[in-house]
Structures are given as C-alpha cells and as structure tokens.
Amino acid sequence: MSGQSQRLNVVPTVTMLGIMKARLVGATRGHALLKKKSDALTVQFRQILKKIVSTKESMGEIMKTSSFSLTEAKYVAGENIKHVVLESVQTASLKVRSRQENVAGVKLPKFEYFTEGETKNDLTGLARGGQQVQQCRAAYVKAIEVLVELASLQTSFLTLDEAIKTTNRRVNALENVVKPRLENTISYIKGELDELEREDFFRLKKIQGYKKREIEKQLAAAKEFVEDKFAEKISLQKGISINAAHNLLSAAREKDEDIIF
Amino acid sequence: MAGRAQIPTSNSALIAMIADEDTVTGFLMAGVGNVDLRRKTNYLIVDSKTTVKAIEDTFKDYTTREDIAIILISQYVANMIRFLVDSYNKPVPAILEIPSKDHPYDPAHDSVLSRVKYLFSAESVASGRR
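Those protein sequences? They're chains A and B, same order as listed. With my numbering, the residue at position 92 of the first sequence is 84, and numbering never jumps. Take any residue in the second sequence, note its place counting from 1, add 31, and you have its number in my numbering.
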C-alpha cells in the first residue's frame, strides 16, 4: 500500500522524535474523542429516524382529519368561506420560534410554534356554521403542531446526517492516514538514530584501538629509553661510558687507519 | 466548518405554504397567513392556471427569505419542481412535504423520507458490521 510507506519529510533528530511522539499522542486522543462523538451522534440519529417515520405516518392521518373538517365547514358555512378567509389575512398570529439544541457539539435547530395576538377569523362563519369553522381551525392548529415538530425533526436529521458524515471522515482520516504516517515517521527516525549510534560506536572503537596502539608504542619507546639510560649509568660507574666506548671504537675506525691491531 | 450552515435563532418566524387552495385556506384559518407592507404573502395557491415557473420562483423566494422557518409544500406541487426540492440542502428553512386532499401521499417521492428509508436499510447492515 502506498499509504504504508508514507512518512513526513523530517530531519531524523531526537527533538523531531519527541515532536512526532507528541503528535502521535495527540492524534490518538483526537481519534478516540471523535469516535466517541460519532457514536453519540449516531445514537441521536437513530432516535430521530424512528421519530421521523412515526410522525410522518401520523401526519397523514392528521391531514386527513383536518381536510375533512374543512369540507364540513365549507358545507355548513357555504363555499364562499374561503374567500372570506383569504381576504382577511393580515399578519400571522401563529408563528414559529427556533432555538438551538446542542448534541455533542452539533447545533440542532428546534422549532416550536406559538400564537401571538388574536386571530382575525373570529367572526368568520358568524352567520352560519361558526361551530364547524372553529373546529376546522382547531384541527388545522393541531396539524401545524405536528408539522412543526416534524420540521424540526427533519432539520435535525439533515444536520446530523451531515455532521456524522464529516465526523466519520475525520475519524477515518486520522486512523488511516495521519496515524500510520506519524508511526512510519517515528520508526524511520528511530532507525536512523540507531544507525547513527552504531556508526558512532564503531568510530569510538576505532579511535580507542588507535589510541591503545599509540600508547603501547610510547610505552615501548619509554622502556627502551629507560633501559638505555640504565646501561649508560652502569657503564659510567665503571668509568667509561658506553657512548664513549662506542665513540672510541668508531673514532678509531674512522680516523686511525694506520693503526693495526 | 465549510459544510455546515449557520442556524439562525429567531424569536418569531413564519410558516410559508405552497399548496392547493383548500389546504392553504385551512392553514390560513389556523392563522399562519401573513401579508407584509408590500402586499407580499407567505403563501402561494397553486391551481390549474399556476405555471411551474411561478412555483419555482416562489420556492426560491421563500427559501431565501429570512423570516421563514418552515415551508409546507404539497407533494404534488413538490413533484413539479422535484429537482429544486432535491437539490435544496439547507437546514433552515425546513422543507416539509404534506399530503393534499386530491393527491394521496406517497412516501417514496418524499426527498427526506426516501433518504430515511434508505438509511434504515443501510443502518441495519451497518449495525451488524460494528
């Protein structure tokens, strides 16, 4: 694998080794934390999935009831009620409030609806069918309640989906790219340092051997010198120096050619 | 982070609607309708005369408006602009496909629910792996 042989381009020194080790520790910790985050998000995600499916199913039912109650209202109050409703729209009395919920560092939006001010439709259907109109209103408010809940679930679902994807990508990147690379770098630096140490050791050995030989040589020289000195001393005591004797002989050999012994 | 969109917190946001007349009437009765100073509404009534272009423009307008938190869209209307709905991926405003009176609800067409279903099957496989 190409990723296996990858390593960072660094100078193999002890300092770098320390830095790399620290980075590996950091990467390992980050990996563990991210993994935990991913697990927490997945748990939340599954809960939301279940809720979404059940709410979607109940939504169909509620929409059916509200449609039916609208038909009832229309039947009782007359077909023109929708024109009255459409004309009387001014400002919304039913609004949503959004706030954030924090799940493992991911902000999820939560919607909740609230009514504000009074509804303008109070007089709708005053002539006839007021009861049905109010019932219809209540049914649609209920539908809104479910729909708002579903909307917040759905939004959380999308946000969580995205967050889980990114977290998993990070976990995998740390596990499969960053950590092996750091480990490779560390082993490379260690190998290189060992190599250097062996080289140093060998060099030291060499120098030691050289020194030893040198010392032996000097010792031998000193011994010789001492011996020479000793011999000279003895011969001096005898009255004649070895050197002189040597000299006499050599001098005689050089100069007095005519002496015959 | 680049991929994550900011989620605005607001104290009062509107619910927008793109649906047929009856559905819109019902929700208006509940009191979600809003008309601002320029006579711009937060709902669009889709009938046989409404063009796809108009729906597209309204959808784009609602998704970019700041005061809208949820968009309710009838499923058959969503099917007309399916490519737009599917390519929309922001968390706020949330798109919600609702059934309408004349068209039965089909969960297979819902862009979110199809993903939910897909993940449900994928999850069961994935959970065995972990």
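Glycine included, C-beta positions come from ideal geometry on N, C-alpha and C.
According to DSSP, simplified to helix, strand and coil, what is residue i?
| i | result |
| --- | --- |
| residue 88 (chain A) | strand |
| residue 259 (chain A) | Because chain A in this structure spans residues -7 to 253, residue 259 (chain A) falls outside the shown range and cannot be described. |
| residue 4 (chain A) | coil |
| residue 46 (chain B) | strand |
| residue 157 (chain A) | helix |
| residue 101 (chain B) | strand |
| residue 93 (chain A) | strand |
| residue 20 (chain A) | helix |
| residue 98 (chain A) | strand |
| residue 108 (chain A) | coil |
| residue 112 (chain B) | coil |
| residue -1 (chain A) | coil |
| residue 83 (chain A) | coil |
| residue 96 (chain B) | coil |
| residue 230 (chain A) | coil |
| residue 80 (chain B) | coil |
| residue 144 (chain A) | helix |
Along chain A, in chain order, which residues have C-beta atoms closer than 7 angstroms to that of residue i?
| i | result |
| --- | --- |
| residue 59 (chain B) | 77, 78 and 81 |
| residue 132 (chain B) | 59 |
| residue 66 (chain B) | 81 and 82 |
What in chain A is Cβ-close to residue i, meaning under 9 angstroms?
| i | result |
| --- | --- |
| residue 26 (chain B) | This structure cannot speak to residue 26 (chain B), because chain B is shown only from 32 to 161. |
| residue 47 (chain B) | In chain order: nothing, as chain A lies at least about 10 angstroms away. |
| residue 116 (chain B) | What residue 116 (chain B) touches in chain A: nothing, since even the nearest Cβ is about 12 angstroms away. |
What whole-angstrom Cβ distance do residue i and residue j have, given they're in contact under 8 angstroms?
| i | j | result |
| --- | --- | --- |
| residue 160 (chain A) | residue -1 (chain A) | With 8 angstroms as the limit, residue 160 (chain A) and residue -1 (chain A) do not qualify as a contact, their Cβ atoms being about 25 angstroms apart. |
| residue 84 (chain A) | residue 65 (chain B) | 4 angstroms |
| residue 23 (chain B) | residue 36 (chain A) | Shown here, chain B extends from 32 to 161; a query on residue 23 (chain B) therefore has no answer. |
| residue 77 (chain B) | residue 99 (chain B) | Actually they do not touch by this definition, with Cβ atoms about 17 angstroms apart. |
| residue 98 (chain A) | residue 152 (chain A) | 7 angstroms |
| residue 87 (chain A) | residue 45 (chain B) | 6 angstroms |
| residue 171 (chain A) | residue 20 (chain A) | 7 angstroms |
Residues of chain A with CB under 8 angstroms from residue i, in chain order?
| i | result |
| --- | --- |
| residue 51 (chain B) | Those do not exist, as residue 51 (chain B) stays about 10 angstroms from chain A at its closest Cβ, beyond 8 angstroms. |
| residue 103 (chain B) | 139 |
| residue 110 (chain B) | Those do not exist, as residue 110 (chain B) stays about 17 angstroms from chain A at its closest Cβ, beyond 8 angstroms. |
To which residues does DSSP link residue i through a beta bridge?
| i | result |
| --- | --- |
| residue 129 (chain B) | B:105 |
| residue 75 (chain B) | B:49 |
| residue 66 (chain B) | B:72 |
| residue 103 (chain A) | A:90 |
Against residue i, what residues of chain B qualify as contacts under a CB-to-CB distance less than 8 angstroms, listed in chain order?
| i | result |
| --- | --- |
| residue 107 (chain A) | 62 |
| residue 27 (chain A) | The premise fails here: residue 27 (chain A) is roughly 11 angstroms from chain B at the closest Cβ pair, so nothing lies under 8 angstroms. |
Check the Cβ of residue i against every Cβ in chain B and list those closer than 7 angstroms, keeping chain order.
| i | result |
| --- | --- |
| residue 87 (chain A) | 43, 44 and 45 |
| residue 132 (chain A) | 57, 58, 60 and 61 |
| residue 11 (chain A) | Ordered by position in chain B, no residue passes the 7 angstroms Cβ test against residue 11 (chain A), which lies about 27 angstroms from the chain. |
Task: the segment 104 to 121 of chain B contacting the segment 38 to 46 of chain A, beta-carbon criterion three pairs below 8 angstroms - done: Short answer: they don't touch.
- [ ] Please determine if the segment 124 to 134 of chain A and the segment 52 to 64 of chain B are in contact, where contact requires at least 3 C-beta pairs separated by less than 8 angstroms.
- [x] Contact between the segment 124 to 134 of chain A and the segment 52 to 64 of chain B is present, because at least three Cβ pairs lie under 8 angstroms.
- [ ] Check whether the segment 134 to 154 of chain A touches the segment 67 to 74 of chain A, taking contact to mean three or more Cβ pairs, one atom from each stretch, closer than 8 angstroms.
- [x] No, they do not touch.
Open item on the list: Contact between the segment 79 to 96 of chain B and the segment 108 to 119 of chain B is defined here as three or more beta-carbon pairs at a separation below 8 angstroms; is this criterion met?
Closed with: Contact annotation: the segment 79 to 96 of chain B touches the segment 108 to 119 of chain B, with at least three C-beta pairs closer than 8 angstroms.
Task: At least 3 beta-carbon pairs within less than 8 angstroms: the segment 189 to 207 of chain A vs the segment 13 to 31 of chain A - done: Touching, no.
Open item on the list: Does the segment 171 to 187 of chain A come into contact with the segment 5 to 24 of chain A, if we say contact requires no fewer than three beta-carbon pairs (one atom in each stretch) closer than 8 angstroms?
Closed with: Result yes; three or more Cβ-Cβ pairs closer than 8 angstroms.
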